[in-house]
(Lines of atoms letter the chains of each structure in order from A; the text may use other names.)
(Lines give C-alpha, C1' and ligand atoms only; values in the text may rest on other atoms or scores of the structure.)
Protein backbone atom coordinates (compact mmCIF):
# COMPACT_ATOMS: atom_id res chain seq x y z
CA UNK A 2 0.00 0.00 0.00
CA UNK A 3 1.34 3.43 -0.93
CA UNK A 4 -0.35 6.85 -0.86
CA UNK A 5 -4.07 6.36 -1.52
CA UNK A 6 -3.51 3.31 -3.69
CA UNK A 7 -1.37 0.27 -4.27
CA UNK A 8 2.06 -0.41 -5.80
CA UNK A 9 2.66 -3.77 -7.47
CA UNK A 10 5.71 -5.32 -9.12
CA UNK A 11 4.73 -7.51 -12.06
CA UNK A 12 6.75 -8.91 -14.93
CA UNK A 13 9.55 -6.43 -15.59
CA UNK A 14 7.70 -3.33 -14.39
CA UNK A 15 6.32 -1.51 -11.34
CA UNK A 16 2.77 -0.15 -11.31
CA UNK A 17 0.54 2.11 -9.21
CA UNK A 18 -3.24 2.01 -9.05
CA UNK A 19 -5.97 3.89 -7.23
CA UNK A 20 -8.77 1.43 -7.92
CA UNK A 21 -7.20 -1.89 -8.94
CA UNK A 22 -8.52 -1.45 -12.47
CA UNK A 23 -6.36 1.21 -14.11
CA UNK A 24 -2.61 0.83 -13.59
CA UNK A 25 0.12 3.45 -14.10
CA UNK A 26 3.63 2.22 -14.91
CA UNK A 27 6.01 4.06 -12.57
CA UNK A 28 9.46 2.53 -13.20
CA UNK A 29 10.57 5.55 -15.23
CA UNK A 30 14.00 7.10 -15.66
CA UNK A 31 15.44 10.59 -16.21
CA UNK A 32 12.71 12.23 -14.13
CA UNK A 33 13.35 15.90 -13.35
CA UNK A 34 14.79 16.68 -9.91
CA UNK A 35 11.77 18.82 -9.14
CA UNK A 36 9.39 16.12 -10.30
CA UNK A 37 7.40 15.50 -13.48
CA UNK A 38 3.80 16.27 -14.23
CA UNK A 39 1.66 13.37 -15.43
CA UNK A 40 2.18 13.95 -19.13
CA UNK A 41 5.96 14.26 -18.89
CA UNK A 42 6.25 11.33 -16.50
CA UNK A 43 4.27 8.90 -18.63
CA UNK A 44 6.40 9.87 -21.62
CA UNK A 45 9.67 8.90 -19.91
CA UNK A 46 11.47 5.70 -20.87
CA UNK A 47 11.06 2.70 -18.58
CA UNK A 48 13.89 1.63 -16.26
CA UNK A 49 14.69 -2.00 -17.06
CA UNK A 50 13.92 -4.57 -14.37
CA UNK A 51 14.79 -7.70 -16.33
CA UNK A 52 13.94 -11.00 -14.62
CA UNK A 53 12.29 -9.20 -11.71
CA UNK A 54 11.57 -11.57 -8.83
CA UNK A 55 10.30 -11.13 -5.29
CA UNK A 56 10.61 -7.52 -4.19
CA UNK A 57 11.02 -5.77 -0.86
CA UNK A 58 9.48 -2.40 -0.01
CA UNK A 59 10.57 0.29 2.45
CA UNK A 60 8.63 3.47 3.21
CA UNK A 61 10.23 6.62 4.60
CA UNK A 62 7.47 8.90 5.86
CA UNK A 63 9.57 12.07 6.01
CA UNK A 64 7.68 15.31 5.53
CA UNK A 65 5.97 14.63 2.19
CA UNK A 66 2.28 13.83 1.88
CA UNK A 67 2.70 10.13 1.11
CA UNK A 68 6.31 9.50 2.01
CA UNK A 69 9.07 8.06 -0.16
CA UNK A 70 9.03 4.46 -1.38
CA UNK A 71 12.08 2.28 -2.09
CA UNK A 72 11.91 -1.10 -3.82
CA UNK A 73 14.68 -3.69 -4.00
CA UNK A 74 14.50 -6.76 -6.21
CA UNK A 75 15.82 -10.19 -5.33
CA UNK A 76 16.40 -11.44 -8.87
CA UNK A 77 17.22 -8.82 -11.48
CA UNK A 78 20.52 -7.39 -10.14
CA UNK A 79 19.31 -3.82 -10.33
CA UNK A 80 19.76 -0.72 -8.20
CA UNK A 81 17.10 0.15 -5.60
CA UNK A 82 14.17 2.00 -7.18
CA UNK A 83 12.97 5.24 -5.57
CA UNK A 84 9.46 6.62 -6.06
CA UNK A 85 7.57 9.55 -4.60
CA UNK A 86 4.26 11.08 -5.55
CA UNK A 87 2.62 14.30 -4.38
CA UNK A 88 -0.79 15.79 -4.97
CA UNK A 89 -4.32 14.47 -4.63
CA UNK A 90 -7.25 13.61 -6.84
CA UNK A 91 -6.81 12.35 -10.40
CA UNK A 92 -3.40 10.92 -11.31
CA UNK A 93 -3.18 13.51 -14.08
CA UNK A 94 -3.05 16.25 -11.43
CA UNK A 95 -0.13 14.78 -9.45
CA UNK A 96 3.64 15.21 -9.47
CA UNK A 97 5.99 12.23 -9.78
CA UNK A 98 9.55 11.56 -8.67
CA UNK A 99 11.43 8.40 -9.68
CA UNK A 100 15.04 7.27 -9.98
CA UNK A 101 17.54 4.52 -9.22
CA UNK A 102 19.59 4.81 -6.03
CA UNK A 103 23.33 4.23 -6.25
CA UNK A 104 24.50 2.58 -3.04
CA UNK A 105 28.14 1.97 -3.94
CA UNK A 106 29.45 1.35 -7.44
CA UNK A 107 27.78 -1.85 -8.67
CA UNK A 108 26.17 -2.90 -5.38
CA UNK A 109 22.75 -4.43 -5.99
CA UNK A 110 21.03 -5.02 -2.63
CA UNK A 111 18.02 -7.31 -2.42
CA UNK A 112 16.53 -6.32 0.95
CA UNK A 113 15.77 -2.92 2.47
CA UNK A 114 14.28 -1.30 5.55
CA UNK A 115 13.93 2.21 6.96
CA UNK A 116 15.42 2.50 10.45
CA UNK A 117 15.64 5.68 12.50
CA UNK A 118 15.74 8.08 9.51
CA UNK A 119 18.07 5.91 7.40
CA UNK A 120 17.52 3.54 4.50
CA UNK A 121 19.38 0.33 5.26
CA UNK A 122 20.05 -2.22 2.50
CA UNK A 123 21.86 -5.55 2.23
CA UNK A 124 22.10 -8.73 0.21
CA UNK A 125 24.44 -7.76 -2.62
CA UNK A 126 25.72 -11.00 -4.16
CA UNK A 127 29.34 -9.80 -4.10
CA UNK A 128 29.09 -8.41 -0.55
CA UNK A 129 26.60 -10.74 1.17
CA UNK A 130 27.88 -9.96 4.68
CA UNK A 131 27.67 -6.16 4.37
CA UNK A 132 24.89 -3.74 5.29
CA UNK A 133 24.81 -0.20 3.90
CA UNK A 134 22.95 2.73 5.46
CA UNK A 135 22.11 6.08 3.90
CA UNK A 136 22.61 9.57 5.19
CA UNK A 137 20.34 10.78 7.99
CA UNK A 138 16.98 11.89 6.57
CA UNK A 139 18.52 11.34 3.13
CA UNK A 140 17.39 7.88 2.04
CA UNK A 141 18.49 8.22 -1.58
CA UNK A 142 22.10 9.15 -0.83
CA UNK A 143 24.70 6.82 0.66
CA UNK A 144 27.50 9.42 0.75
CA UNK A 145 26.04 12.18 2.95
CA UNK A 146 26.43 12.71 6.71
CA UNK A 147 25.30 9.73 8.73
CA UNK A 148 25.89 7.14 6.01
CA UNK A 149 28.12 4.10 6.40
CA UNK A 150 28.72 0.38 5.97
CA UNK A 151 29.16 -2.51 8.37
CA UNK A 152 30.60 -5.91 7.51
CA UNK A 153 29.43 -8.90 9.54
CA UNK A 154 30.71 -12.46 9.88
CA UNK A 155 27.66 -14.02 8.21
CA UNK A 156 25.48 -13.67 5.13
CA UNK A 157 22.64 -11.18 5.68
CA UNK A 158 19.16 -12.59 5.00
CA UNK A 159 16.83 -9.86 6.25
CA UNK A 160 16.51 -6.60 8.20
CA UNK A 161 13.87 -5.33 10.60
CA UNK A 162 13.57 -2.17 12.68
CA UNK A 163 12.43 -3.29 16.15
CA UNK A 164 11.95 -0.75 18.90
CA UNK A 165 15.22 1.23 18.98
CA UNK A 166 17.34 -1.47 17.34
CA UNK A 167 17.94 -2.69 13.82
CA UNK A 168 17.74 -6.48 13.92
CA UNK A 169 19.98 -8.11 11.31
CA UNK A 170 18.95 -11.66 10.44
CA UNK A 171 21.79 -13.70 8.96
CA UNK A 172 22.02 -17.25 7.65
CA UNK A 173 23.42 -18.72 10.86
CA UNK A 174 23.24 -15.85 13.34
CA UNK A 175 21.34 -12.73 14.38
CA UNK A 176 22.71 -9.31 15.34
CA UNK A 177 21.32 -6.00 16.53
CA UNK A 178 22.61 -2.59 15.53
CA UNK A 179 22.25 0.17 18.11
CA UNK A 180 22.79 3.94 18.04
CA UNK A 181 22.87 4.31 14.27
CA UNK A 182 22.76 8.11 14.64
CA UNK A 183 25.83 8.38 16.88
CA UNK A 184 29.13 7.58 15.17
CA UNK A 185 30.87 7.40 18.55
CA UNK A 186 28.57 4.81 20.11
CA UNK A 187 27.14 2.91 17.13
CA UNK A 188 27.61 -0.79 17.78
CA UNK A 189 26.62 -4.19 16.40
CA UNK A 190 26.25 -6.95 18.97
CA UNK A 191 25.24 -10.59 18.50
CA UNK A 192 21.82 -11.74 19.63
CA UNK A 193 22.81 -15.32 18.88
CA UNK A 194 25.45 -17.05 16.81
CA UNK A 195 23.61 -20.37 16.93
CA UNK A 196 20.36 -19.59 15.10
CA UNK A 197 19.74 -17.97 11.73
CA UNK A 198 16.84 -17.07 9.46
CA UNK A 199 15.89 -19.14 6.42
CA UNK A 200 13.98 -16.50 4.46
CA UNK A 201 13.53 -12.74 4.72
CA UNK A 202 9.86 -12.99 3.76
CA UNK A 203 8.99 -14.91 6.94
CA UNK A 204 10.00 -12.08 9.29
CA UNK A 205 7.01 -10.30 10.84
CA UNK A 206 6.08 -8.42 14.00
CA UNK A 207 3.17 -9.70 16.09
CA UNK A 208 2.25 -9.25 19.72
CA UNK A 209 5.27 -7.05 20.38
CA UNK A 210 7.69 -9.71 19.10
CA UNK A 211 9.50 -10.44 15.86
CA UNK A 212 8.79 -13.90 14.46
CA UNK A 213 10.78 -15.67 11.75
CA UNK A 214 11.44 -19.08 10.24
CA UNK A 215 14.66 -20.69 11.42
CA UNK A 216 16.07 -24.13 10.53
CA UNK A 217 14.51 -25.63 13.67
CA UNK A 218 11.14 -23.89 13.61
CA UNK A 219 9.32 -20.60 13.87
CA UNK A 220 11.02 -18.50 16.51
CA UNK A 221 10.45 -15.19 18.28
CA UNK A 222 12.79 -12.50 19.47
CA UNK A 223 11.09 -11.35 22.62
CA UNK A 224 12.24 -8.12 24.24
CA UNK A 225 11.84 -8.31 28.03
CA UNK A 226 11.47 -5.60 30.64
CA UNK A 227 15.24 -5.38 30.94
CA UNK A 228 16.53 -3.08 28.21
CA UNK A 229 18.73 -4.93 25.77
CA UNK A 230 17.87 -8.37 27.16
CA UNK A 231 16.64 -10.63 24.35
CA UNK A 232 15.13 -14.10 24.58
CA UNK A 233 14.98 -16.53 21.67
CA UNK A 234 12.22 -19.12 21.70
CA UNK A 235 10.72 -21.69 19.34
CA UNK A 236 6.92 -21.56 19.05
CA UNK A 237 6.12 -24.16 16.39
CA UNK A 238 6.68 -27.53 18.04
CA UNK A 239 3.07 -28.54 17.28
CA UNK A 240 3.84 -28.58 13.55
CA UNK A 241 7.49 -29.54 13.65
CA UNK A 242 7.25 -32.18 10.85
CA UNK A 243 5.82 -29.56 8.46
CA UNK A 244 8.45 -27.00 9.44
CA UNK A 245 11.21 -29.58 8.99
CA UNK A 246 9.99 -30.39 5.47
CA UNK A 247 9.93 -26.69 4.54
CA UNK A 248 13.35 -26.00 6.06
CA UNK A 249 14.93 -28.98 4.32
CA UNK A 250 13.72 -27.79 0.90
CA UNK A 251 13.70 -24.02 1.50
CA UNK A 252 15.43 -23.24 -1.82
CA UNK A 253 12.61 -24.92 -3.74
CA UNK A 254 9.94 -22.61 -2.29
CA UNK A 255 8.87 -19.01 -2.73
CA UNK A 256 8.06 -17.82 0.78
CA UNK A 257 5.63 -15.12 1.90
CA UNK A 258 4.09 -14.22 5.24
CA UNK A 259 1.47 -11.87 6.62
CA UNK A 260 0.08 -10.80 9.98
CA UNK A 261 -3.69 -10.49 10.45
CA UNK A 262 -3.78 -8.26 13.48
CA UNK A 263 -7.55 -8.40 13.98
CA UNK A 264 -7.22 -12.17 14.34
CA UNK A 265 -3.80 -12.15 16.06
CA UNK A 266 -2.54 -14.50 13.35
CA UNK A 267 0.82 -15.03 11.71
CA UNK A 268 0.60 -16.87 8.39
CA UNK A 269 3.36 -18.33 6.23
CA UNK A 270 2.69 -19.30 2.61
CA UNK A 271 5.05 -21.43 0.55
CA UNK A 272 4.83 -22.15 -3.17
CA UNK A 273 7.09 -24.32 -5.29
CA UNK A 274 9.47 -22.25 -7.39
CA UNK A 275 8.38 -24.20 -10.48
CA UNK A 276 4.69 -23.37 -9.97
CA UNK A 277 3.19 -20.91 -12.45
CA UNK A 278 0.01 -20.23 -10.45
CA UNK A 279 -0.95 -19.61 -6.85
CA UNK A 280 -3.10 -22.75 -6.83
CA UNK A 281 -0.21 -24.83 -5.51
CA UNK A 282 0.45 -22.57 -2.54
CA UNK A 283 0.25 -24.03 0.93
CA UNK A 284 0.15 -22.25 4.23
CA UNK A 285 0.46 -22.58 7.97
CA UNK A 286 -1.41 -20.39 10.43
CA UNK A 287 -0.18 -19.45 13.87
CA UNK A 288 -2.88 -17.96 16.11
CA UNK A 289 -1.51 -16.08 19.10
CA UNK A 290 -3.44 -16.92 22.27
CA UNK A 291 -2.90 -16.36 25.97
CA UNK A 292 -1.16 -19.76 26.01
CA UNK A 293 1.12 -19.04 23.06
CA UNK A 294 0.75 -19.97 19.41
CA UNK A 295 -1.76 -22.55 18.16
CA UNK A 296 -1.12 -23.90 14.66
CA UNK A 297 -3.17 -25.11 11.71
CA UNK A 298 -2.79 -25.54 7.94
CA UNK A 299 -4.60 -23.84 5.08
CA UNK A 300 -6.68 -26.05 2.78
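Residue numbers (this note's numbering): 2 to 300.
Glycine residues also receive a C-beta, built at the ideal position from the N, C-alpha and C atoms.
Remember, it's a predicted structure, so these values are computed and weren't measured experimentally.
For residue 248, the enclosing alpha helix (DSSP H) stretches over residues 241-249. Ranking 163, 83 and 43 by CA distance to the CA of residue 209 puts 163 first. In the DSSP annotation of this structure, the continuous segment of the beta strand (DSSP E) that includes residue 96 starts and ends at 96-101. By alpha-carbon distance to residue 194, the top candidate from 206, 201, 186 and 175 is 175. Within the same chain, Cβ atoms closer than 6 Å to the Cβ of residue 287 are found at 267, 294 and 296, the five residues on either side in sequence being excluded. Between residue 58 and residue 97, the CB-CB gap reaches or exceeds 8 Å. Annotated three-state conformation of residue 65 is coil, per DSSP.
Inter-residue distance for residue 264 and residue 258 is about 15 Å (C-alpha atoms, whole angstroms).
Per DSSP, the unbroken beta strand (DSSP E) holding residue 133 starts and ends at 131-134.
Under the three-pair Cβ rule at 8 Å, the segment 85-103 does not count as touching the segment 148-156. Taking C-beta separations shorter than 7 Å and ignoring five residues to either side along the sequence, the partners of residue 145 in its chain run 136 and 139, following chain order.
In this structure, the alpha-carbon of residue 110 lies about 10 Å from that of residue 72. For residue 38, DSSP assigns no beta-bridge partner whatsoever. Residue 120 sits in a strand when the DSSP states are folded into three classes.
Around the CB of residue 261, fewer than 16 other CB atoms lie within 10 Å, so the residue is classed as exposed. Here DSSP, grouped into helix, strand and coil, assigns residue 57 to strand. In its chain, beyond the 5 residues on either side, 109 have a beta carbon closer than 7 Å to the beta carbon of residue 78.
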